[in-house]
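**Q**
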Amino acid sequence: MDLTLAPFRESLEQLLHSPDLPRLHAGVQRLAQALGFEHFIYALRVPEHFAQSSVLLVDGYPPGWTGHYMAQALHVHDPVLRYCSRSILPVLWHQLPGEGMGPAAARVMGEAAEHGLRTGLSVPLHTPHGEVGILSGTVSRVGAGARADMAQVQAHAHLLASHVHEAMRRLAPMPLTRPTLSPREQQCLRWAADGKTSWEISCLLHISERTANFHLQAIAQKLGVFSRQHAIARALLLGLIQPSPF
């Protein structure tokens with residue numbers, strides 16, 4: 001495959017319009033192999049509650065590894081997941097920050113290597129909906145040559161991650177339906193998140209205190225919660241409110 005920008009973008013556009021999940025998987029596998037990856041995975045963590053998330057996968061890892069990873073709860077000490085949860089930049093596995101590589105993290109990477117995942121690149125993706133996606137591509141080779149190959153395709157992998165995410169959100173059943181907040185409801189909730197009382201919100205928005213309370217009660221009903229604090233926490237979790245951009 002021609003990996004110059006224009007042909008690669010055409011392949012990504014085709015991927016974006018995959019008609020179903022099996023063909024999305026096949027398309028990602030073809031592009032991952034073109035980038036030199038032997039194995040790949042795209043994992044999308046969709047928050048439902050602060051104590052619970054769902055994970056959607058396009059899994060091209062070796063048979064048995066993903067099941068083992070989940071069964072042994074290796075995510076608790078996975079340094080790749082730790083990095084990607086906190087950063088927006090791609091990372092080569094051999095350049096993972098040292099503070100995340102204690103004995104437990106080293107054990108996770110050692111078990112991955114035993115399954116053929118020895119040299120890798122991971123691309124984090126954070127969405128306005130509060131989701132975190134990670135595209136990882138790996139090879140079983142080690143050494144300077146394998147690391148250089150990973151470094152060379154970082155930009156392509158970053159583009160691939162974005163397109164896989166959009167295709168997956170269109171095709172995969174989302175585990176949680178997000179309610180829609182009106183612009184006024186978002187304004188009220190943002191001010192509430194800043195600690196403003198209903199009276200203060202009414203002054204800031206030039207509405208009555210009763211109207212401010214009406215909007216906050218409507219928000220709680222939409223989110224299925226019973227307190228203002230819980231409404232703020234749930235809206236932040238779901239990406240329904242963010243700080244004003246200007």
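Numbering (UniProt numbering), first residue to last: 1 to 246.
Glycine residues also receive a C-beta, built at the ideal position from the N, C-alpha and C atoms.
Here the structure is a predicted model, which means the values were calculated and not measured.
(1) Of the choices R184, V225, S18 and S122, whose alpha-carbon is the least far from that of S87?
(2) H129 and G239 - do their beta-carbons sit closer together than 8 Å?
(3) So with Cβ pairs under 8 Å, would you call T119 a contact of chain C?
(4) Where DSSP assigns a beta bridge to H126, which residues make up the other side?
(5) For H165, which residues from the same chain have a beta carbon less than 6 Å from its beta carbon, with the 5 sequence-adjacent residues on both sides left out?
(6) Pull up the DSSP beta-bridge partners for I41, would you.
(7) Report the rounded CA-to-CA distance for H68 versus L57, giving the unit in angstroms.
(8) If I follow the unbroken alpha helix (DSSP H) through D194, where does it start and stop?
(9) Just confirm the distance between the C-beta atoms of T119 and W93, as a whole number of angstroms; I'd bet it's less than 8 Å.
(10) Report the partner residues of V28 according to the DSSP bridge assignment.
(11) Alpha carbon to alpha carbon, what distance is there between A235 and H77?
(12) Between the Cα of E38 and those of V28, L96, L204 and A193, spot the shortest distance and give me the residue it belongs to.
(13) Going by DSSP, what residues sit across from P47 in a beta bridge?
(14) So, with DSSP's three-state summary, where would you put T119?
(15) Which class does L92 belong to by DSSP, given the choice of helix, strand or coil?
(16) Is L24 near L31, with beta carbons less than 8 Å apart?
(17) Say whether the region 105-120 touches the region 138-148, bearing in mind that this needs 3 or more beta-carbon pairs closer than 8 Å, one atom from each stretch.
(18) For the putative contact between V46 and L74, defined by C-beta atoms under 8 Å, what is the C-beta separation to the nearest angstrom?
(19) Nearest by alpha-carbon distance to V91: which of A148, I219, S18 and P63 is it?
(20) Tell me whether V55 is buried or exposed, calling it buried when 16 or more other Cβ atoms sit within 10 Å of its Cβ.
(21) Quick one: what's got a C-beta closer than 7 Å to H158's C-beta in the same chain, skipping five residues either side?
(22) Among I219, H17 and P62, which has the Cα closest to the Cα of R178?
**A** In short:
(1) S122
(2) yes
(3) As a matter of chain content, chain C is missing from the structure shown, which is built from one protein chain.
(4) V132
(5) L125 and G133
(6) D59 and S136
(7) 15 Å
(8) Neither: D194 is in no alpha helix (DSSP H) and is coded neither H nor E.
(9) 7 Å
(10) According to DSSP, V28 bridges with nothing at all.
(11) 28 Å
(12) V28
(13) S53
(14) strand
(15) strand
(16) no
(17) yes
(18) Contact flag wrong, Cβ pair sits at about 20 Å.
(19) A148
(20) exposed
(21) P90 and V123
(22) I219
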